[in-house]
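Visitor:
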Amino acid sequence: MTQEVAKAFEEQRKINFMLAKDKSVEVDGYSGFVFTAKSGRPLMPYGVNSVLYNIVDAYNKEEVQRAKKEHRKAELLPKVSAHVMRHTACTRMAECRMDIKVLQYIMGHAHFDVTMEVYNHLGDRARIENEIAKLDSMAVNF
Numbered sequence: 001m002t003q004e005v006a007k008a009f010e011e012q013r014k015i016n017f018m019l020a021k022d023k024s025v026e027v028d029g030y031s032g033f034v035f036t037a038k039s040g041r042p043l044m045p046y047g048v049n050s051v052l053y054n055i056v057d058a059y060n061k062e063e064v065q066r067a068k069k070e071h072r073k074a075e076l077l078p079k080v081s082a083h084v085m086r087h088t089a090c091t092r093m094a095e096c097r098m099d100i101k102v103l104q105y106i107m108g109h110a111h112f113d114v115t116m117e118v119y120n121h122l123g124d125r126a127r128i129e130n131e132i133a134k135l136d137s138m139a140v141n142f
């Protein structure tokens, strides 16, 4: 975890405390959850997705109204889920050529082949451009 992420999590815990959501809940031996429901229990994927859907819906409604006033086509956000965000984060780390074993650890993939699927899923265009850049750097004058 980066220091910036740790700091953001600590800030969220302070917010939880101020909202009286800082309850000592233990689930499968784990406690001290950062993202919790009012009960103090950790948010489940459905709860996270619900929050994300509401954010996107609210933005899109405002964008439609703005677009009408400005006589333009609305630029709507796509539906976003926790899974999509996780996959996007993994893809971005892979695109930065993070060591694959480190990426496997960060993502919590038990099997190496799951992480390799992300590497193989990277956009062909980006991979082609990267390889062409390598060729350019090796250019030989004839």
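If you read the sequence shown in full-length UniProt numbering, its first letter stands for residue 1, the second for the next number, and so on.
Think of the CB as a built atom: it goes at the ideal place given N, C-alpha and C, for glycine as much as any other residue.
Identify the continuous alpha helix (DSSP H) that holds P42 and give its terminal residues.
Guide: No alpha helix (DSSP H) contains P42, which DSSP labels as neither H nor E.
Visitor: So, A74 versus V48, is the Cβ gap smaller than 7 Å?
Guide: no
Visitor: Using 10 angstroms around the beta-carbon of F142, count the other beta-carbons present and answer buried if the total reaches 16, otherwise exposed.
Guide: Residue confidence for F142 is low, a pLDDT of 49 falling below 50, so the modelled location carries little weight; the figure read from the coordinates is stated next. F142 is exposed by the Cβ-count criterion.
Visitor: State the CB to CB distance for the pair V56 and K79, rounded to an integer number of angstroms; the pair is presumed to be in contact (CB under 8 Å).
Guide: 6 Å
Visitor: Which of the three DSSP states is assigned to T2 in this structure?
Guide: If DSSP states are grouped into helix, strand and coil, T2 belongs with coil.
Visitor: How would you write the range of the alpha helix (DSSP H) that Y105 sits in, first residue to last?
Guide: 100-107
Visitor: By the DSSP assignment, the alpha helix (DSSP H) with T88 in it spans what residues?
Guide: 82-95
Visitor: My guess is that N60 and L76 are in contact by the Cβ rule of under 8 Å, so how many angstroms apart are they, rounded?
Guide: 5 Å
Visitor: What do you reckon, is the C-beta of E131 under 6 Å from a heavy atom of the ligand HEM?
Guide: In terms of ligand content, the structure shown is empty, and the ligand HEM therefore cannot be addressed.
Visitor: Determine, for R41, whether the minimum Cβ-Cβ distance to residues of chain B falls below 7 Å.
Guide: Checking the listed chains, one finds no chain B in this structure; it contains a single protein chain.
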